Amino acid sequence: MKQFFKKPWSWTAQRLVANSEKDRTYTICCMVVFLLVTTSASIMVALGTPTGATSYTNLLDIGRAVAINGLLFFITTILVGVLLSFLPFSTPRLLLGGLIYSIGIIITVLIYDKSGKLFSFLVGIGVGLISLFIGLLFAMLFYRNKRRIVVFLILPIILVITIFIRIHDNEGNRSLDQSELVFADYTESILGENPGQEGDYSYTFFTYGSGEDKHRAEFGRDVTVQTPTVDASDFVTRWGNKREAFWGFDQTNLPVNGRTWVPEGVGPFPLILLVHGNHIMEHFSTGGYDYLGELLASRGFLTISVDQDFINFSNVSGIPDHNYKLRAWVLLQHLVQLQELNETPGNEFFQKIDFDRVGLVGHSRGGQAVSMVADHQRFFKNVRLREELATINIEGVVALAPTDRRVDGKKANLNNVSYLVIQGARDADVNDFRGDHQFYRTNFSKDDQGFKASLYIADANHSQFNSEWGRMDNSLPRGIFLNRKQTMDPEDQRRIAKVYLSAFFESVLHNREGYEQLFPDHQYGKDWLPETTFISKYQNSSYVPITEAKHASGEVFGGSEAFVETSGFREVEILRPEQRTGNNRPVDAVLLEWKGDATYTINLAEGFESELGLEKPEHLVVTMANVAEDGSVPAVEIELESVDGGGGVRSLEEIMPIPPVIETEFTHFGLFDTIFREGKYENSWEPVFQTFMIPIDSFFEPSRGELDLAQINKIKLHFRSESGKMLLEEVGACHRPNYVERGELSISKR
1404 MKQFFKKPWS
1414 WTAQRLVANS
1424 EKDRTYTICC
1434 MVVFLLVTTS
1444 ASIMVALGTP
1454 TGATSYTNLL
1464 DIGRAVAING
1474 LLFFITTILV
1484 GVLLSFLPFS
1494 TPRLLLGGLI
1504 YSIGIIITVL
1514 IYDKSGKLFS
1524 FLVGIGVGLI
1534 SLFIGLLFAM
1544 LFYRNKRRIV
1554 VFLILPIILV
1564 ITIFIRIHDN
1574 EGNRSLDQSE
1584 LVFADYTESI
1594 LGENPGQEGD
1604 YSYTFFTYGS
1614 GEDKHRAEFG
1624 RDVTVQTPTV
1634 DASDFVTRWG
1644 NKREAFWGFD
1654 QTNLPVNGRT
1664 WVPEGVGPFP
1674 LILLVHGNHI
1684 MEHFSTGGYD
1694 YLGELLASRG
1704 FLTISVDQDF
1714 INFSNVSGIP
1724 DHNYKLRAWV
1734 LLQHLVQLQE
1744 LNETPGNEFF
1754 QKIDFDRVGL
1764 VGHSRGGQAV
1774 SMVADHQRFF
1784 KNVRLREELA
1794 TINIEGVVAL
1804 APTDRRVDGK
1814 KANLNNVSYL
1824 VIQGARDADV
1834 NDFRGDHQFY
1844 RTNFSKDDQG
1854 FKASLYIADA
1864 NHSQFNSEWG
1874 RMDNSLPRGI
1884 FLNRKQTMDP
1894 EDQRRIAKVY
1904 LSAFFESVLH
1914 NREGYEQLFP
1924 DHQYGKDWLP
1934 ETTFISKYQN
1944 SSYVPITEAK
1954 HASGEVFGGS
1964 EAFVETSGFR
1974 EVEILRPEQR
1984 TGNNRPVDAV
1994 LLEWKGDATY
2004 TINLAEGFES
2014 ELGLEKPEHL
2024 VVTMANVAED
2034 GSVPAVEIEL
2044 ESVDGGGGVR
2054 SLEEIMPIPP
2064 VIETEFTHFG
2074 LFDTIFREGK
2084 YENSWEPVFQ
2094 TFMIPIDSFF
2104 EPSRGELDLA
2114 QINKIKLHFR
2124 SESGKMLLEE
2134 VGACHRPNYV
2144 ERGELSISKR
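Heads up: the sequence shown begins at 1404 in the numbering used here, then just goes up one per residue.
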């Protein structure tokens, strides 16, 4: 019996002890590469999932991750080697063990980071095989007679990669050429000061807050103005012990913290609140808008960057429930306490704030929160809170790459509040134009002086509006797969934000003439803006549609006073355009596709102007989007015919270049766009609409005298290019914006 058991045990021991020739020769180099690759992955995981807010905790996270990876690498390699030793043939057991671990850990990390299952497996296997190849190459370098083989292997690979990159770069140059079209035929700009430059006011910086912050001295021991905490436990029930341990408070004791820039002078000054969105909680966000706070304060606005870091997501403690609503509620608490401070002698805010002129700026989830604050009665029913906010007049809201989710089944509607939304085409976080929905939920009474505008920036991403968020729109390790080649320099992106936000608030809160014209026509900012493609949409309170498309009825209509005729089109279809993620846009449009000349004619009945409800409009407004995926830019002419047979034609190119379709490769070379993050980036573009405002009297000779829309009976859109495809949303009319003619800007002096 002993002999019976002795032979299997002896065979097993021999298999466990034995090493193959291949393991002895090549394994060391490959194992070193496997360990380096997996260690790098573990460091990225540690950086992307911090457990603390200091450099010390970051180093601990990295050390812990590296140690765990090393231990798992050793254990897995040995276990796999043991299992492989029972195979009846010789294998490089340790090498295969290291390879299997490398592939497995990369796949596990990426799946945990929600990168997509197929993507995770492809990348994991790819990284493992590339690591194996590199290890084998290094091993061959130790053998003089095999070094030539290494050279012959590497050179073709380098050549193929170089050719691929060059071809891809040539394709990418098309996007650059399109950016240059933005100001192609326009050489003038507004004569006057750049709103993105600092103004004449000196300012003082200080902070207010609880005075008990554990991680940030400016809200702790160094706080200038101490404020009471607030209780959000009425609707926030999930906070978490780890979040409470990190911050030292829960939802019953939330701080009211802010970074403040106050212009020097008597005051009162218009108030602007800036608020960040969701980011890793341990990487603080509040200081990321200092560049805006300093600029706006220098131009006479009391500006505050509101702290909501304690609401943000943490890999350790998750995120509070109802966090969208909580962000808006915390902003409201700031307004309430600022009113009290403004009326209380002996503090830095005393009689400094003009609550008749309040503006809000939000980024990402903060961009949704500021709209909710402007429409707070829809979301917050507390009678006392409503009474405290009754004397606050919010005149303007700016949203930077905002979200637009339903909260308690509702979305914000803005009434007589000017609105500006800015979105980047390279945004890999909020990767479709969600803030455009709020544009269509913003309305004005006819006697209001407000306006709404959108700006779509070809080369802007999500994170670079905040100087603390870095360049990646996804945290590590997922963020390394994002393509940043198409993304503009961070300072250029923030320069655009400075120009547009300053111009917006100068128009809305200071009532300064001239800057409003920037929003329908970005060409006025030629000397202030970096070179990229801009697509802008604008409507002021006087705007009325002449024609609208309705998919449900399948008709384009303008009441009973207008009807449409088409000729020369291959396709005319009324539809609801989809955004990049497949969500429907807020309004319908007419799809027009043609080869050769085509004409879209709007026939206006006599007396239609009285039905519009707009007396003597000065501008014709055409809202369209180019959807030709071949990169072509169509030639479009607008023709007006009058009742007496006269008429005139204007080329849209004379007004503003028609923007191209803006395509984005979210992953490197666009290789994984269809599978990364379960197809979130599958669609490289979405329809983005541009408004073209054409002065009506520019269609006719001055000798004809004053002309108004009542004299026009036909509006024709001629599509002259060989082929093209566009979406027509509306044709409308409006009074001109609050501006002066190009080259005649009048700047009021302080």
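For every residue, glycine included, the Cβ atom is placed at its ideal position computed from N, Cα and C. All values reported here derive from a predicted model rather than from experimental measurement.
From the DSSP output, in three-state form, read off residue i for me.
i, result
"M1875", "coil"
"G1962", "With a pLDDT of 49 at G1962, under the threshold of 50, the predicted position of this residue should be treated as unreliable, and no value is reported."
"S1708", "strand"
"D1839", "helix"
"Q1348", "Absent from the model: residue 1348. The displayed extent of the chain is 1404 to 2153, so no value can be given."
"R1915", "coil"
"Q1852", "coil"
"L1792", "helix"
"D1778", "coil"
"F1524", "helix"
"D1895", "helix"
Inspect the beta-carbon positions of residue i and residue j and report whether they are closer than 9 Å.
i, j, result
"L2023", "G2135", "yes"
"N1846", "N1816", "yes"
"V1665", "Y1606", "yes"
"K2083", "N1834", "yes"
"D1757", "F1672", "yes"
"V1733", "A1635", "yes"
"Y1903", "M2096", "no"
"F1524", "V1435", "no"
"F1652", "L1729", "no"
"E2132", "M2027", "yes"
"L2043", "K2119", "yes"
"S2154", "G1599", "The shown model of the chain, from 1404 to 2153, leaves out residue 2154, and the question about it has no answer."
"R2080", "G1519", "yes"
"M2129", "V2039", "yes"
"T1632", "N1656", "yes"
"N1914", "G2073", "no"
"T1479", "G1500", "yes"
"I2163", "D1991", "Shown here, the chain extends from 1404 to 2153; a query on residue 2163 therefore has no answer."
Roughly how many angstroms lie between the CA atoms of residue i and residue j, to the nearest whole one?
i, j, result
"I2150", "E2104", "Since pLDDT at I2150 reaches only 30, below the 50 mark, its modelled position is unreliable, and the value read off the structure follows with that caveat. If I take the Cα positions, the gap works out to 31 Å."
"E1894", "V1764", "19 Å"
"I1510", "K1888", "26 Å"
"F1609", "V1626", "8 Å"
"K1784", "Q1926", "44 Å"
"C2137", "D1830", "32 Å"
"F2093", "W1650", "The amino acid occupying residue 2093 in the given sequence is Gln; Phe does not appear at that position. Straight-line Cα distance between these residues: approximately 46 Å."
"P2140", "A1620", "46 Å"
"R1646", "K1617", "12 Å"
"G2010", "N1819", "29 Å"
"T1640", "N1681", "19 Å"
"A1596", "E1909", "The displayed chain sequence assigns Glu, not Ala, to residue 1596. E1596 and E1909: Cα-Cα distance of roughly 12 Å."
"D1924", "K2117", "25 Å"
"R1897", "F1868", "6 Å"
"R1844", "N1796", "19 Å"
So who's on the other strand from residue i, going by DSSP bridges?
i, result
"D1930", "In the DSSP output, where bridge partners are listed per residue, D1930 has none listed."
"V1669", "In the DSSP output, where bridge partners are listed per residue, V1669 has none listed."
"E1996", "E1974 and K2128"
"M2096", "V2024"
"N1846", "N1818"
"F1608", "W1664"
"N2029", "M2129"
"K2119", "T2004 and E2042"
"L1823", "V1801 and A1856"
"H1766", "L1803"
"I1675", "T1706 and G1762"
Does any heavy atom of the ligand HEM sit closer than 8 Å to the C-beta of residue i?
i, result
"A2031", "For the structure depicted, the ligand HEM is absent and the ligand set is empty, with no information on it obtainable."
Exercise. Do the stretch 1685-1694 and the stretch 1771-1784 touch if we need at least three Cβ pairs shorter than 8 Å?
Worked result: The stretch 1685-1694, when compared against the stretch 1771-1784, does not touch it at the 8 Å Cβ threshold.
Exercise. Would you say the stretch 1792-1812 touches the stretch 1716-1733, given that touching needs at least three Cβ pairs under 8 Å?
Worked result: The stretch 1716-1733 and the stretch 1792-1812 touch, with three or more beta-carbon pairs separated by less than 8 Å.
Exercise. Any contact of the stretch 1780-1795 with the stretch 1839-1853, i.e. 3+ C-beta pairs under 8 Å?
Worked result: Here the stretch 1780-1795 does not lie against the stretch 1839-1853, with fewer than 3 beta-carbon pairs under 8 Å apart.
Exercise. Counting pairs of Cβ atoms below 8 Å between the stretch 1485-1501 and the stretch 1453-1461, do you hit three or more?
Worked result: no
For this session: Could you tell me whether the stretch 2084-2092 touches the stretch 2021-2039, using the rule of 3 or more Cβ pairs below 8 Å?
Result: yes
Exercise. Is there contact between the stretch 1919-1934 and the stretch 1963-1972, where contact requires at least three CB pairs shorter than 8 Å?
Worked result: no
Problem set entry | Cβ pair count under 8 Å reaching 3, the stretch 1440-1459 against the stretch 1873-1881 | As far as the Cβ criterion goes, the stretch 1440-1459 touches the stretch 1873-1881, which means the pair count is three or higher.
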